[in-house]
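Undergrad: If you're matching them up, the sequences are chains A and B in order.
Residue numbers for the first sequence follow our numbering, beginning at 51 and rising by one.
Residue numbers for the second sequence follow our numbering, beginning at 582 and rising by one.
Quick reminder that beta carbons are idealized off the backbone N, C-alpha and C, glycines included.
Just so you know, these numbers come straight off a predicted model, no measurement behind them.
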Amino acid sequence: MSTLLVLLGCQAGFADPSREFGAPVLEGERFPTEVHTPTTLGVVDTPVTDVHGTPVGVACATCHGPDAATAWASRPGEPFHTGVELHHGPITCASCHDPDDRTKLRLADGTGLDLADAMTLCAQCHGPQFRDYTHGSHGGMAGYWDTRRGPRTRNHCVDCHAPHAPAYAPVVPAAPANDRTPLEDSHG
Amino acid sequence: MDELTRRAALKTGGATLGAAAFARALAPLTEWEENVSVDSFLQKHYKEMNKLEMSVVLARLETEALEEHGVAVSISDPRPTPGVSFAYALNLSVCIGCRKCAVACHEENNHDRATNNSYIRVLEMKKGGIDLEQGRTDYKHPVPDDDHFYMPVQCHQCDNAPCVKVCPVEATWKEADGIVVVDYNWCIGCRYCEAACPYHARRFNWQKPEIPAEEINPDQAYLSNRIRPQGVMEKCTFCLHRTRNGRMPACLEACPTGARVFGNLEDPNSEIRWVLENKRVFVLKEDVGTRPRFFYFFDE
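Rendered as structure tokens:
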């Protein structure tokens, strides 16, 4: 690591040495790092759209009451679930949702979990991703690299991966630069 | 006699041509002076100025920006923090090649709108190897393509930077936190640095950047995103106007897949240190000995 930190000393220094550095690193208190709470948790899209063409969402618990009679009232493909297509490996609804209480999720060991804590549930299977996330190398973020100077927000798993179809859909890229790039005019 | 006459004729002719050539050679200087104030022409090298001189220059540049672009901008001069040494890492396993980083760079750093310039160039390459010669930067199809991977390339802030060595006027140098910077007012536009960079990371301002007033980012720094003059080099500065104040670079915040990791090498608990210590990390063109501060990695 130390070789990375070696600086080149071949050039002239600062005439006014007080200009070379700014204020020293702050010590002590850090600002919070908050995980963004997605608005889509606990809501499924319905075939009904609003004036903008956006599907109207309805809370799971609207139909799936806590009592056993209504718990499995509907299944994928039935009217309210046309927006839910499960493309998430060989799992079923009850792999993640608590069949007895659709306002909740359920871990593999049977422990109930609030929808807001969905990341714990994802982490059961996606260990490497969760490890990387905890070390800041998976999932987007914004704010301060130096949390002693300001807060940071992290994405929630569900911000980027739809839980029922977590693979990234292809996107149309932004336009490239119109600069003089040799690579661009070479050989087709 | 005959010979003397010819010599005289040649002398006279030569003198006339010489004077004409001299006047022609000076012509660009007289035209150029219209755009460059005396203060700007006499300005010292960045490192030669003391704090007072620097503050005078910053105030003058702010005034010029207001006059030329009609926008009140703030041009600061944030300096490196002792104990902070920057590095960047990029996860090739999750980059989808959407160019959102390049767009964020374009907007953040007040790039010329017509050229759609950016300090980041995303290479699309066939999976199975890193063949830069076959890399394309002009793809327009939906991404990611199944057969390709995407490698954004920007300034690697090399510790052994060829661009710094070739500059004939010391207009570019490496700062204490690892960032390679350019004094746009000292650069003579010879483009040696552009030729020297093995990553094709430097850009030249062929024309004065044109940006609609309402799109100009007013949060500017002397060594980074202030609107550059025509005829000077520019490059990625890890957004030093943001990062030296503790914030993330604009390209990192724009990345929708979280492929980018930025931080302080000297902090053993930083994310960048974790990546360097735990991931399969490599640098581009390691064999040329540039010792980059920009790393690439793959997930297992």
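Between B:759, B:805, B:681, B:772, which lies nearest to residue 742 of chain B when the distance is taken from Cα to Cα?
TA: Among B:759, B:805, B:681, B:772, the Cα nearest to that of residue 742 of chain B belongs to B:759.
Undergrad: Given a threshold of 16 other Cβ atoms within 10 Å of its Cβ, counted over all protein chains shown, does residue 722 of chain B qualify as buried or as exposed?
TA: So residue 722 of chain B ends up on the exposed side.
Undergrad: Find the nearest neighbour of residue 808 of chain B within the set B:715, B:687, B:756, judged by alpha-carbon distance.
TA: The shortest Cα separation from residue 808 of chain B among B:715, B:687, B:756 belongs to B:687.
Undergrad: Do residue 72 of chain A and residue 659 of chain B have their CB atoms nearer than 8 Å?
TA: It is a contact, given that the beta carbons lie within the stated cut-off.
Undergrad: Please confirm whether residue 825 of chain B has its beta-carbon closer than 8 Å to some beta-carbon of chain A.
TA: So yes, residue 825 of chain B belongs to the interface.
Undergrad: With three or more C-beta pairs closer than 8 Å as the rule, is the segment 709–717 of chain B touching the segment 684–698 of chain B?
TA: Flag = no, the segment 684–698 of chain B and the segment 709–717 of chain B do not touch.
Undergrad: Please list the terminal residues of the continuous beta strand (DSSP E) segment that includes residue 74 of chain A.
TA: Note, residue 74 of chain A: premise wrong, no beta strand (DSSP E); not H, not E.
Undergrad: If you draw a straight line from the alpha carbon of residue 598 of chain B to that of residue 670 of chain B, how long is it in whole angstroms?
TA: The alpha-carbon atoms of residue 598 of chain B and residue 670 of chain B are separated by roughly 58 Å.
Undergrad: According to DSSP, residue 141 of chain A sits in a beta bridge with which residue or residues?
TA: None; residue 141 of chain A has no bridge partner.
Undergrad: Given a limit of 9 Å on CB to CB distance, which residues of the segment 79–94 of chain A reach chain B?
TA: Those residues of the segment 79–94 of chain A that come within reach of chain B (Cβ to Cβ, closer than 9 Å) do not exist; the list is empty.
Undergrad: Determine the contact status of residue 676 of chain B and residue 735 of chain B, defining contact as a CB-CB distance below 8 Å.
TA: No; because the gap between Cβ atoms is not below 8 Å, this pair is not in contact.
Undergrad: Look up residue 182 of chain A in the DSSP assignment and say whether it is helix, strand or coil.
TA: Correct three-state label for residue 182 of chain A: helix.
Undergrad: Quick one: which chain B residues come within Cβ less than 7 Å of residue 188 of chain A?
TA: Ordered by position in chain B, the residues that pass the 7 Å Cβ test against residue 188 of chain A are 839.
Undergrad: Which residue comes first and which comes last in the beta strand (DSSP E) that contains residue 878 of chain B?
TA: That run of the beta strand (DSSP E) goes 875–879.
Undergrad: Exposed or buried, what is residue 595 of chain B when buried is set at 16 or more other beta-carbons lying within 10 Å of its beta-carbon?
TA: With fewer than 16 other Cβ atoms within 10 Å, it is exposed.
Undergrad: If we call anything under 8 Å between Cβ atoms a contact, is residue 729 of chain B one with residue 865 of chain B?
TA: No.
Undergrad: What's the call for residue 784 of chain B, buried or exposed, on a 16-neighbour Cβ count within 10 Å?
TA: By the neighbour-count rule (16 or more Cβ atoms within 10 Å), residue 784 of chain B is buried.
Undergrad: Are residue 617 of chain B and residue 630 of chain B close, meaning C-beta to C-beta below 8 Å?
TA: Not in contact: residue 617 of chain B and residue 630 of chain B (Cβ atoms no closer than 8 Å).
Undergrad: Can you find the residues in the same chain that come closer than 8 Å, C-beta to C-beta, to residue 100 of chain A, ignoring five residues on each side of it along the sequence?
TA: So the qualifying residues of the chain are 106.
Undergrad: Nearest chain A C-beta to residue 855 of chain B closer than 8 Å, yes or no?
TA: Answer yes: the Cβ-Cβ gap between residue 855 of chain B and chain A drops below 8 Å somewhere.
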